[in-house]
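Visitor:
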Ligand code: TYD
Ligand code: MG
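Residue numbers (UniProt numbering): 1 to 459.
1. Please list the terminal residues of the continuous alpha helix (DSSP H) segment that includes residue 26.
2. Can you give the Cα-Cα distance for residue 431 and residue 417, rounded to whole angstroms?
3. In whole angstroms, what separates the C-alpha of residue 271 from that of residue 247?
4. What is the DSSP secondary structure of residue 120, counted as helix, strand or coil?
5. Cβ-heavy atom distance between residue 17 and the ligand TYD below 8 angstroms?
6. Across which residues does DSSP place residue 243 in a beta bridge pair?
7. Under 8 angstroms from any heavy atom of the ligand MG, does the C-beta of residue 413 make it?
8. Helix, strand or coil, according to DSSP, for residue 284 in the structure here?
9. Do the segment 272-286 and the segment 317-328 touch if we need at least three Cβ pairs shorter than 8 angstroms?
10. Residue range of the alpha helix (DSSP H) that residue 348 falls in?
11. Who are the Cβ neighbours of residue 288 in its own chain at under 6 angstroms, not counting the five residues just before and after it?
12. Counting only the same chain and skipping the five closest in sequence on each side, list residues whose C-beta sits under 6 angstroms from that of residue 71.
13. Please check the pair residue 168 and residue 215, which I expect to be a contact at CB under 8 angstroms, by giving their CB distance rounded to whole angstroms.
14. Note down the Cα distance separating residue 522 from residue 384, rounded to an integer number of angstroms.
15. Suppose you measure from the CA of residue 458 to the CA of residue 230; what does that come to, to the nearest Å?
16. Should residue 104 be listed as close to the ligand MG, given that the test is whether its C-beta is under 8 angstroms from any heavy atom?
17. To the nearest angstrom, how far is the alpha carbon of residue 434 from that of residue 410?
18. Do residue 257 and residue 239 have their CB atoms nearer than 9 angstroms?
19. Which residue's Cα is closest to the Cα of residue 267: 94, 116, 363 and 69?
20. Return yes when at least one heavy atom of the ligand TYD lies under 8 angstroms from the C-beta of residue 74, else no.
21. Quick one: grab the DSSP three-state call for residue 263.
22. Just to check my reading of the structure: residue 176 and residue 198 have Cβ atoms closer than 8 angstroms, yes? What is that Cβ distance to the nearest angstrom?
23. Use the C-beta contact count for residue 181: other C-beta atoms within 10 angstroms, 16 or more gives buried, fewer gives exposed.
24. What is the residue span of the alpha helix (DSSP H) that residue 373 lies within?
25. May I ask whether a heavy atom of the ligand TYD can be found less than 8 angstroms away from the beta carbon of residue 335?
26. Can you look up residue 197 in the DSSP assignment and give me helix, strand or coil?
27. Give every residue of the same chain whose Cβ lies closer than 7 angstroms to the Cβ of residue 405, excluding the five residues on either side of it in the sequence, and list them in chain order.
28. Where does residue 320 land, buried or exposed, given buried means 16+ other C-beta within 10 angstroms?
29. The alpha helix (DSSP H) with residue 161 in it runs from where to where?
30. Among 105, 344, 172 and 304, which one has its Cα closest to the Cα of residue 269?
31. Using alpha carbons as the reference points, say which of 308, 353, 393 and 161 lies closest to residue 371.
32. Let me confirm a value: residue 56 is counted as buried when at least 16 other C-beta atoms fall within 10 Å, else exposed. Which label applies?
33. Any heavy atom of the ligand MG within a distance shorter than 8 angstroms of the CB on residue 152?
34. Within its chain, find whatever has a CB closer than 7 angstroms to the CB of residue 292; leave out the 5 residues flanking it on each side and keep chain order.
35. With DSSP as the reference, label residue 357 as helix, strand or coil.
36. For the ligand TYD, is there any heavy atom lying closer than 8 angstroms to the beta carbon of residue 135?
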């Protein structure tokens, strides 16, 4: 009999070594190497030689492969469909990550019920909760679908047997960290288990054409627990995010083989489950303090959809030591950069001021088109001058203080007009080639100083 060997596997990146080390040489994390028993070599070779689940594939001529679009199954949630790129793709393996309690199980149970209501059998595998607990949740969500099967199971082999028997059209694994494969000796949730189970599920999804959604827990650092390679194995990775004290939840894709990664879906956690938010701008602006110094609205794009969000800045003199610059919901390095531009090009003495900049409503914005709004909010707070509450600002700021062109200007302006804003300040370079709506005044600016004059008036 082959001697069982132990190896040490990094729980962050999957690096393997025969000896223990304090620091992983691959990803430089400390204390991530965990001892695992490697399966006997003969066994693992056997797995590769006779694949029982997949028929051997033959190479095809590329000219003869049918180029039809992937068949998609749209869910009853337009927000989810958009994030997925238009619906659930047959045979896709999708990973959903998120903090505990954010609503992953709720979302997937709701989706499962919607699919089951269309008379497609759905198998919901819960390794974390008993079937009774899932039933309680289903009652809360008023789910009465007859074709929804619930299984509380953690053994991958049994899960596969049930998939074979029930022949579902949609499978949920909640969560991958609880599922284990018997011939892998390490504990459930370890790198080897997660990797093995995921690749097995991948084979089932691909060979049977069943879409499988798997839930993955998120580590303290915010990435999906298990090796990074888990993200490489699946077709799409979605993150379900939200603030603890906020009922809004944002579903965004960070990887999608069948669609764009810039889309986001917005939900609200209600008493009876998740509800979609179809008009995010209204929600994000609901609590806005109109006309307060340091607050301005920006028209940002989230994928293909424009959203209006309030940017807030608070500038106050530094009490002692180095000035602080803090950003919430936007790139941290943009704030000092824009402050330097304001100092040099617009003559604002900001070097001994603390700056706190925040995107209200818990959204994250990462496009340069929000630069001008950030700059205006900083200038507004510093000078203690309120901008006009009916203004929307959009534009990228260059290092010489010039305002640069942004993409999709028409949609941004239209969204601002739709929500009743009176003026929109945009890059001058964006003024040509389209017809602005009549009910909103469009002002083109070419420098930060000009934009400040329009929004805040003369000093
Ligand atoms: P859950 O889906 O269990 O989160 P996850 O699977 O990501 O860990 O969500 C649990 C939270 O959602 C819990 O705090 C209760 C709340 N919730 C509602 O507010 N309304 C509901 O209808 C449901 C089912 C849960
Ligand atoms: Mg859960």
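Backbone N, C-alpha and C fix where the C-beta goes; we use that ideal spot for every residue, glycine too.
Guide: Inspection of the coordinates gives the following:
1. As a working note, residue 26 is residue 26 in the chain shown. Residue 26 -> no alpha helix (DSSP H), and no H or E assigned at all.
2. Numbered from its first residue, the chain shown carries residue 431 at position 431. Numbered from its first residue, the chain shown carries residue 417 at position 417. For residue 431 and residue 417, the distance between alpha carbons rounds to 16 angstroms.
3. Numbered from its first residue, the chain shown carries residue 271 at position 271. Numbered from its first residue, the chain shown carries residue 247 at position 247. When rounded, the distance between both Cα atoms is 10 angstroms.
4. Reading the chain shown from its first residue, position 120 is the one you call residue 120. DSSP places residue 120 in coil when its eight states are reduced to three.
5. For this step, residue 17 is matched to residue 17 along the chain shown. Incorrect: residue 17 has no Cβ contact closer than 8 angstroms to the ligand TYD.
6. Sequence index remark: in the chain shown, residue 243 carries index 243 (1-based). According to DSSP, which records beta bridges pairwise, residue 243 is partnered with nothing at all.
7. On the chain shown, position 413 is the one that residue 413 refers to. Not so, every heavy atom of the ligand MG lies at least 8 angstroms from the Cβ.
8. For the purposes of this step, residue 284 is identified with residue 284 of the chain shown, where counting begins at 1. Of the three classes helix, strand and coil, the one that applies to residue 284 here is helix, per DSSP.
9. no
10. Looking up residue 348 in the chain shown gives position 348. Premise fails: residue 348 is in no alpha helix (DSSP H) and is neither H nor E.
11. To locate residue 288, count along the chain shown from 1; it is residue 288. 310.
12. Residue mapping note: residue 71 aligns to position 71 of the chain shown, counting from 1. Excluding residues within five positions, the ones whose Cβ falls inside 6 angstroms are 90.
13. Here residue 168 corresponds to residue number 168 of the chain shown, with the count starting at 1. Here residue 215 corresponds to residue number 215 of the chain shown, with the count starting at 1. So it is not a contact: roughly 17 angstroms between Cβ atoms.
14. Any property of residue 522 remains undetermined from this structure, which presents the chain solely from 1 to 459.
15. The residue you call residue 458 lines up with position 458 of the chain shown. The residue you call residue 230 lines up with position 230 of the chain shown. Their backbone Cα atoms lie some 55 angstroms apart in a straight line.
16. By one-based count along the chain shown, residue 104 stands at place 104. Yes, the Cβ of residue 104 comes within 8 angstroms of a heavy atom of the ligand MG.
17. Stepping through the chain shown from its first residue, residue 434 is reached at position 434. Stepping through the chain shown from its first residue, residue 410 is reached at position 410. Computed Cα separation, rounded: 7 angstroms.
18. Residue 257 sits at position 257 when you count from the first residue of the chain shown. Residue 239 sits at position 239 when you count from the first residue of the chain shown. Not closer than 9 angstroms, so no.
19. Indexing the chain shown from 1 puts residue 267 at position 267. When each option's Cα is compared against that of residue 267, the closest is 363.
20. Counting from 1 along the chain shown, the entry for residue 74 is found at position 74. The answer is no for residue 74.
21. Working through the chain shown from its first residue, we reach residue 263 at position 263. The answer is coil: DSSP assigns residue 263 none of H, G, I, E or B.
22. As a first step, residue 176 must be located in the chain shown, where it is residue number 176. As a first step, residue 198 must be located in the chain shown, where it is residue number 198. At roughly 6 angstroms, the Cβ-Cβ gap stays under 8 angstroms, so residue 176 and residue 198 are in contact.
23. On the chain shown, residue 181 is found 181 positions in, with the first residue counted as 1. Its Cβ being crowded by 16 or more others within 10 Å, residue 181 is buried.
24. Locating residue 373 in the chain shown gives position 373, where the first residue counts as 1. Run containing residue 373: 371-383, per the alpha helix (DSSP H) assignment.
25. Residue mapping note: residue 335 aligns to position 335 of the chain shown, counting from 1. No, Cβ of residue 335 sits at least 8 angstroms from all heavy atoms of the ligand TYD.
26. Here the question's residue 197 lines up with position 197 in the chain shown. In the structure shown, residue 197 sits in a helix (DSSP, three-state: H, G or I).
27. To locate residue 405, count along the chain shown from 1; it is residue 405. Within the same chain, residue 405 has close Cβ partners 427, 429 and 430.
28. Your numbering for residue 320 matches position 320 in the chain shown. By the neighbour-count rule (16 or more Cβ atoms within 10 Å), residue 320 is not buried but exposed.
29. The sequence position of residue 161 within the chain shown is 161, counting from 1. Counting along the chain, the alpha helix (DSSP H) containing residue 161 begins and ends at 156-166.
30. What you label residue 269 is simply residue 269 of the chain shown in a count that begins at 1. Of the listed residues, the one whose Cα sits closest to residue 269 is 105.
31. The residue you call residue 371 lines up with position 371 of the chain shown. When each option's Cα is compared against that of residue 371, the closest is 393.
32. Numbered from 1 along the chain shown, position 56 holds the residue referred to as residue 56. The residue in question, residue 56, is exposed, as its Cβ has fewer than 16 Cβ neighbours within 10 Å.
33. Counting from 1 along the chain shown, the entry for residue 152 is found at position 152. No, Cβ of residue 152 sits at least 8 angstroms from all heavy atoms of the ligand MG.
34. The residue labelled residue 292 in the question sits at position 292 within the chain shown. Here the set comprises 386.
35. Locating residue 357 in the chain shown gives position 357, counting from the first residue. DSSP places residue 357 in strand when its eight states are reduced to three.
36. In the chain shown, the residue the question calls residue 135 occupies position 135. For the ligand TYD, not one heavy atom lies less than 8 angstroms from the Cβ of residue 135.
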